[in-house]
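Below you'll find the structure, written out as structure tokens, and then a few comments.
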Amino acid sequence: MNVSAPFNEVGTPHAQPAQATKGAISIRNVTKIYDPEGVNVMAVDNCSMEIAGGEVCMIVGPSGCGKTTLLNAIAGFHSITSGEIRLDGELLCGPGKPKAKMGADRMVVFQHGALFPWRTLAENVAYGPIVQGVMSKSLAMEKARHMLAEAGLGDVGDKYPGEVSSGMARRAEIVRALINDPKVLLLDEPYRAMDALTKSIMHESLLETYDRTKVTIFFITHDLEEAIFLGDKVHIVTSRPCRRKKTVTVDIPRPRSYAVQSSEQFRLLIEEVNEAVHEEAMKAFEAGERELA
Amino acid sequence: MTDVAQTSGTYTLPRRRSKLEKLIQNVSFWRGVTAIAVFLGMWEVGSRIDEWFGEAYTVPFVGLIPPPSAVFLAWLEIAPSAGYWMSWVESFKRVLAGFIVAMIVGIPFGLALAVNKYFRALFFPPFEILRPIPPLAWVPASLIFWPTNEMSIAFVTFLGAFFTVVINVLGGARTIDIRYLRAAQSMGANQWDLFSKIILPGTLPSIFTGAAVGMGITWEVVLAAEMISGGGTQGGGGLGFFIWNSYMGGSLEQIIVGMISIGIAGYLSSSTIRAVGEWFMPWKRMF
């Protein structure tokens, strides 16, 4: 298998679910240089990827490689230096418009969670519809409670984020994103600090949510099993600057159960991804050592 | 039938206890009581050793001050007098006036410094130059430019709390996690939503920290200002003047009565702030 060749598509093109028409992201030749007049750090270099509407797209790469920069550019938190990003054909950012406008069509679930500690879970979930003015406060709260109950959080809606487990908090945060009916969910290593058992519950809950909503998911991780278990496509990116190195298509049928993780197909996919990732991890490690020296 | 814990037989839920019952059964509470008792006992013995063994055995420091029993007797003597309680009232009035004005002016000022860069560029430098000046250094000047003693005391008290409140509010508002702001903006929050629903609640803990520290400084400043201005013809007594007066009258016991009164007054003030803080920030309550 020619693993090191860039842009090597593996597997057959993936058939998309018919109802998934929204949330296609197209990233074309995006480059991001931090502080062009100063230290000049290139975080993303000429990175391109196409994400179909309703696809679960996993981004795997070494830590600090610029994956989050890419996510921040889509979300509108950071500008890009060149290239363009489109959502359903519409320009988010590109020439003449370096920074995308933040919006409820792209909801971010943050690495360490960003539920507002001063609002209960239900109040957190109701926040979006209230500030957008699309629902009255009581209606938004009612919908929030309903959606929390759907996610198995019916009992803890009146608790503050500090009073619930990290797993519950993260699930509530995904509910808070979904109530805005986004086209894309942007997840930045949301399950990073969790133990394996909690993580597996999180995965099942996310898959269940995905099967229900078919929302496009852009998911950053460096957990290979997570990437393959959840994803339709796994994009392996290079160590800084971030570029697409290889894309692996995961054609395990949905709905997926935890049992697929012990299948031969799963093991082979892991092997394939691992080889590419390991090489980049080594590069990142060596670069890190040089920076320190 | 509905109460599972009662019918299961093997296990019954503990009975709900009253606050007083909880306090009495609380080990930490009794540790605190013991610590105070031991402290008082050592003080009593330390200050009486010279009575029992002669001047040569005077314990340094503690030997020179009256024992707690004598202080308590002195307190019993002055407790019925209205003048003593008026000192409490006077000092409390000054502390509250200075503190409340400092909060009313300081919180919006600190928030404005935090959210508006033009405001910050304009007002932060002079603020930072005035901030290191100790409130007490303002006493002579304020005695000159305020028409009454009372107003100059209130002004100096205000300064004591103001700078602390502002610097805490500013620090708190500036260190709000950017993820909260980004999340809120993604969900469609406008500038006012960001301010009222994210920055303000996110700054509340710092506001109460500033209030607690500011309250402590206010008490320090009030006492010193009362001693310096002497209460005099206009100012009225206050606990600071009470201590000063006791010193002039040579009553060591009364000086200590005054000191302990201040300690208790300060404790009451900060407990009040804590209680208000808990009421304002239910998400901070510990279980």
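For the record, the sequence lines run as chains A and B. For reference, each letter of the first sequence is one residue, going 1 to 293 in the numbering used here. For reference, each letter of the second sequence is one residue, going 294 to 580 in the numbering used here. Backbone N, C-alpha and C define an ideal beta-carbon position, used for all residues, glycine too.
Sequence-distant partners of Ile33(A) (beyond 5 residues in either direction) whose C-beta falls short of 8 Å from its own C-beta, in its chain, are Asn40, Val41, Met42, Ala43, Thr81. Cβ atoms of Lys183(A) and Leu121(A) stay farther apart than 8 Å, at about 24 Å. Chain-order list of chain B residues neighbouring Asn180(A): Met480, by C-beta distance under 7 Å. Taking the Cα positions, Ser263(A) is about 42 Å away from Glu123(A). Taken atom to atom, the span from the alpha-carbon of Ile555(B) to that of Tyr160(A) is near 38 Å. The stretch 352-372 of chain B makes no contact with the stretch 477-490 of chain B: fewer than 3 CB pairs, one atom from each, lie closer than 8 Å. At least one C-beta of chain B is nearer than 7 Å to the C-beta of Tyr127(A). Asp232(A) sits away from Glu50(A), with the two beta carbons spaced by 7 Å or more.
In the three-state reduction of the DSSP assignment, Asn483(B) falls in the coil class.
A straight line joining the alpha-carbon of Ile25(A) with that of Asp188(A) spans about 16 Å.
Cβ neighbours of Leu532(B) within its own chain (closer than 6 Å, five residues either side excluded): Ser380, Ser384, Gly551, Ser554, Ile555.
When CB distances to chain B are screened at a threshold of 7 Å, the residues of the stretch 69-87 of chain A falling below it are Ala75, Phe77, in chain order. Here DSSP, grouped into helix, strand and coil, assigns Ile422(B) to helix. The bridge partners DSSP lists for Lys233(A) are Cys57(A), Thr249(A). For the set Thr209(A), Gly133(A), Gln111(A), the Cα lying nearest the Cα of Asp470(B) is the one of Gln111(A). DSSP assignment within the stretch 118-206 of chain A yields the following whole alpha helix (DSSP H) runs of 4 residues or more, N-terminal first: 121-132, 137-150, 166-178. With a threshold of 7 Å between beta carbons, Pro494(B) makes contact with chain A. In this structure, Ile217(A) keeps its C-beta atom at 7 Å or more from the C-beta atom of Leu269(A). Under the Cβ criterion (8 Å, minimum of three pairs), the stretch 444-463 of chain B counts as touching the stretch 505-525 of chain B. As a beta-bridge residue in DSSP terms, Glu90(A) pairs with Leu87(A). Any Cβ of chain A closer than 7 Å to the Cβ of Arg472(B) would place that residue at the interface, and such an atom is present. At a cut-off of 7 Å, the C-beta of Tyr210(A) has no neighbouring C-beta in chain B.
At a cut-off of 7 Å, the C-beta of Ala114(A) has a neighbouring C-beta in chain B. According to the DSSP assignment, Ile27(A) belongs to the beta strand (DSSP E) that extends over 25-34. The Cβ neighbour count for Ala196(A), taken over all protein chains shown within 10 Å, is under 16; the residue is labelled exposed. For Pro117(A), the nearest beta carbon of chain B is closer than 7 Å to its own beta carbon. Leu178(A) and Ile500(B) have their C-alpha atoms roughly 33 Å apart. With fewer than 16 other beta carbons inside 10 angstroms of its own, Val326(B) counts as exposed. Under DSSP, Ser82(A) takes part in a beta bridge, and its partners are Thr31(A). Cβ-Cβ distances below 6 Å link Gly465(B) to Thr496, Ser499 in the same chain, with the five nearest sequence neighbours on each side left out; the list follows chain order. Within chain A, the residues whose beta carbon sits less than 8 Å from that of Ile491(B) are Phe116, listed in sequence order. A contact is defined here as three or more CB-CB pairs under 8 Å, and the stretch 420-437 of chain B fails this definition with respect to the stretch 390-399 of chain B.
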